[in-house]
Amino acid sequence: MKWTNSFIFTSREPPADAETISQKLMHQAGMIDKLVSGIYSFLPLGLKVLQKVSDIIREEMNHAGAVEILMPALQPASLWKESKRYEKMGRDMIVFKDRHNREMLLGPTHEEVVSDIVRKYVKSWKNLPVMLYQIQSKYRDEIRPRFGIIRSREFLMKDCYSFDRTDQESEQSYLKMKQAYMKIFKRCGLSFTIHSADSGVIGGKFSEEFVAAGNCSELEIGHIFKLGTDYSEKLNVVFTDKDGTQKPVVMGCYGIGVSRVVAAIIEGSYDEKGIIWPITVAPFLSVIVVVNMSDAKTVEVAYNIYNDLISEKIDVLFDDREESAGVKFADADLLGIPFRITIGRKLAQGKIEILERKTRKIYDIEIEKVKEFLTNAVKNSK
RNA sequence: CGGGGCGUAGCGCAGCUGGCUUAGCGCGCUUGGUUUGGGACCAAGAGGUCCCCAGUUCAAAUCUGGGCGCCCCGACCA
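Residues in the first sequence are numbered from 0 upward in steps of one, following numbering that gives the first Met the number 0.
As structure tokens, then:
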């Protein structure tokens, strides 16, 4: 990707109303754009990170045996009345009427909808256990949205639901998810702690939350719940067991605030120059900086390296702007791209320079070795 | 919802106490030139419903009232 057609806009100064580090840096690096309070657009760089985090989540969810689906954000209020959560959720839900005067809402979570799906299809003990998940936008009319993407009214969430025959089996599903969560956050480069927590409106018997380390007070990035049979009894999610009797399924639910994870990663990994992305979630693995864009030879070498990397499917951003070296260096640091490939004066010795963002170590290497260097870096990060 | 703060160019701000018609500054943007390894320099430019409405006044960014928006602190949540 070339910078000049990738819609990346950086700024020197953070927005005046930004308070937390992640909010400031995401704005400055051009990752997000605020529409109104608590509602944000993800710009190309922000979206790339969101996708990388989502990919990691998908891999681990699939590995744990969960199956991906996609449920609607738009839901009938009647389902929520059935589960008795309509009043409980109260004004946190965005509720309205459709043209037929039916009460609708934008889903703040999906226990009701997923239960409705499962009760339609799961009839026998042979269909269980099952785990369903989705990565989808949630809507909560927060009393006070704050800290940018960290607490917003629309946010991307991975929500997973487990359905089991017995408490013992539900416990197994719960533990599987807990393991998966630890892997996910570790792969995202997050350090975190696990606490037992209040189940809140979700309800259920027991829950634990994953809290990211960092200096922001809201940091809950994941929450897993043992729901028991509360929902299945209210919503009549039952199966016929081996002995021919009907039993309510035992449920669990497991959430990760995907957009919040992105902010949490930044909160835990930055310096005075900007973001420091872990390789696993960086929007680009590397950025090519040409010191002098008016030097035809240098530019030619740069394009060769760029095309070479692209053909090897190595993730690279080419900073082809007509800007001074200082501007490009500063932006490369701000964006937090793990490796900066600088093409300039060392070309005389047939070498280019690779700067590692995190350690600021400089490697002078031969042009032909760039691919190898980056490939190894990716391998070592896994 | 209670408490506090803010709203002036794309962004960051000054001006408001003591009203004066061409509303400034820095960054960014445009054009030309000189530069080219850590946010370069010179020159010329473009860009404003001073959040909105009403009032006071010869005159309002500035004073008064109302509204809207945004941020922070508290209770709720991924």
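Every residue, glycine too, gets a C-beta built ideally from N, C-alpha and C.
Predicted model, so just to flag it, every value in this text is computed and none were measured.
Residues near residue i by beta carbon distance below 7 Å, same chain, minus five either side
{"i": "PHE8", "result": "GLY29"}
{"i": "GLY349", "result": "GLU365 and ILE366"}
{"i": "ASP229", "result": "GLY202 and GLY203"}
{"i": "LYS370", "result": "ASP307, LEU308, GLU311 and ILE313"}
{"i": "SER40", "result": "ILE31, ASP32 and LEU34"}
{"i": "ASP363", "result": "LYS345, LYS350 and GLU352"}
{"i": "LYS241", "result": "TRP124"}
{"i": "LEU73", "result": "MET103 and LEU105"}
{"i": "VAL52", "result": "CYS187, VAL257, VAL260, VAL261 and VAL280"}
Buried/exposed call for residue i, threshold 16 Cβ in 10 Å
{"i": "ALA295", "result": "exposed"}
{"i": "ALA347", "result": "exposed"}
{"i": "GLY89", "result": "exposed"}
{"i": "LEU334", "result": "buried"}
{"i": "PHE209", "result": "buried"}
{"i": "THR341", "result": "buried"}
{"i": "SER123", "result": "exposed"}
{"i": "ILE162", "result": "In the sequence on display, residue 162 carries Phe and not Ile. Buried."}
{"i": "HIS109", "result": "buried"}
{"i": "VAL200", "result": "exposed"}
{"i": "GLU266", "result": "buried"}
{"i": "LYS383", "result": "Outside the displayed span of the chain (0 to 381) sits residue 383, for which this structure offers no information."}
{"i": "HIS99", "result": "exposed"}
{"i": "HIS26", "result": "buried"}
{"i": "ARG11", "result": "exposed"}
{"i": "PRO14", "result": "exposed"}
{"i": "LEU49", "result": "buried"}
{"i": "GLY45", "result": "buried"}
{"i": "ARG356", "result": "buried"}
{"i": "LEU218", "result": "buried"}
{"i": "GLU190", "result": "Sequence check: residue 190 is Ser here, not Glu. It is exposed - the Cβ of SER190 has fewer than 16 other Cβ atoms within 10 Å."}
{"i": "ARG143", "result": "exposed"}
{"i": "GLY325", "result": "exposed"}
Span of the alpha helix (DSSP H) around residue i
{"i": "ALA433", "result": "Nothing about residue 433 can be read from this structure; the chain reaches only from 0 to 381."}
{"i": "PHE384", "result": "Lying outside 0 to 381, the shown extent of the chain, residue 384 is not represented and no answer is given."}
{"i": "GLY37", "result": "No alpha helix (DSSP H) holds GLY37; DSSP gives it neither H nor E."}
{"i": "SER77", "result": "76-81"}
{"i": "PHE328", "result": "324-334"}
{"i": "ARG57", "result": "43-62"}
{"i": "LEU403", "result": "Because the chain here runs from 0 to 381, residue 403 falls outside it and cannot be looked at."}
{"i": "MET88", "result": "85-88"}
{"i": "GLU232", "result": "229-233"}
Beta-carbon separation (whole angstroms), residue i vs residue j, contact threshold 8 Å
{"i": "PRO282", "j": "GLY188", "result": "Not a contact, Cβ separation roughly 14 Å."}
{"i": "ASP140", "j": "ASP91", "result": "6 Å"}
{"i": "ALA65", "j": "MET130", "result": "4 Å"}
{"i": "ALA329", "j": "VAL288", "result": "Contact flag wrong, Cβ pair sits at about 11 Å."}
{"i": "ILE93", "j": "VAL257", "result": "At roughly 20 Å, the Cβ-Cβ gap does not stay under 8 Å, so ILE93 and VAL257 are not in contact."}
{"i": "SER285", "j": "LEU354", "result": "Going by Cβ atoms, the distance from SER285 to LEU354 rounds to 10 Å, so no, they are not a contact pair."}
{"i": "VAL236", "j": "SER114", "result": "5 Å"}
{"i": "VAL290", "j": "GLY343", "result": "3 Å"}
{"i": "THR297", "j": "PHE146", "result": "The pair is not a contact, with the Cβ atoms about 42 Å apart (cut-off 8 Å)."}
{"i": "GLY251", "j": "TYR132", "result": "The Cβ separation is near 12 Å, so there is no contact."}
Those residues which DSSP pairs with residue i across a bridge
{"i": "ILE274", "result": "TYR269"}
{"i": "TYR120", "result": "Answer is none; TYR120 lacks a bridge partner."}
{"i": "ASP163", "result": "VAL249"}
{"i": "ASP16", "result": "Bridge partners of ASP16: none, in fact."}
{"i": "PHE191", "result": "ALA211"}
{"i": "ALA196", "result": "SER206"}
{"i": "ARG150", "result": "ARG145"}
{"i": "HIS222", "result": "GLU208 and GLY254"}
Same chain, Cβ closer than 6 Å to residue i, five either side skipped, listed in chain order
{"i": "SER268", "result": "ILE275"}
{"i": "ALA262", "result": "SER21, ILE148 and ILE149"}
{"i": "ILE319", "result": "Per the sequence presented here, residue 319 reads as Asp, with Ile not at that position. The residues are LYS1, TRP2 and THR3."}
{"i": "ARG153", "result": "Note that residue 153 is Glu in the sequence shown here, rather than Arg. ILE38, SER136 and TYR138, listed in sequence order."}
{"i": "VAL377", "result": "none"}
{"i": "TYR160", "result": "VAL113, LEU131 and CYS252"}
Other residues of its chain near residue i: CB distance less than 8 Å, five sequence neighbours each side excluded
{"i": "GLU207", "result": "LYS177, ILE193, HIS194, SER195, ALA196, HIS222 and ILE223"}
{"i": "GLU170", "result": "LYS225"}
{"i": "ILE55", "result": "ILE183, ARG186, CYS187, THR279 and VAL280"}
{"i": "VAL112", "result": "MET70, PRO71, GLN74, LEU78 and GLY106"}
{"i": "ARG164", "result": "TRP124, LEU127, PRO128, PHE238, ASP240, LYS246, VAL248 and VAL249"}
{"i": "ASN61", "result": "GLU67"}
Residue span of the beta strand (DSSP E) that contains residue i, given as start and end
{"i": "ALA295", "result": "Taken as a continuous stretch (DSSP letters only), ALA295 belongs to no beta strand (DSSP E), being part of the alpha helix (DSSP H) at 295-310."}
{"i": "ALA384", "result": "Residue 384 cannot be examined here, being either before or after the span of the chain that is shown, 0 to 381."}
{"i": "LYS137", "result": "129-138"}
{"i": "ARG101", "result": "No beta strand (DSSP E) contains ARG101, which DSSP labels as neither H nor E."}
{"i": "VAL286", "result": "285-289"}
{"i": "ILE7", "result": "Neither: ILE7 is in no beta strand (DSSP E) and is coded neither H nor E."}
{"i": "LYS350", "result": "350-355"}
{"i": "GLU365", "result": "361-365"}
{"i": "THR341", "result": "338-342"}
{"i": "LEU346", "result": "Counting along the chain, LEU346 falls outside any beta strand (DSSP E), and DSSP gives it neither H nor E."}
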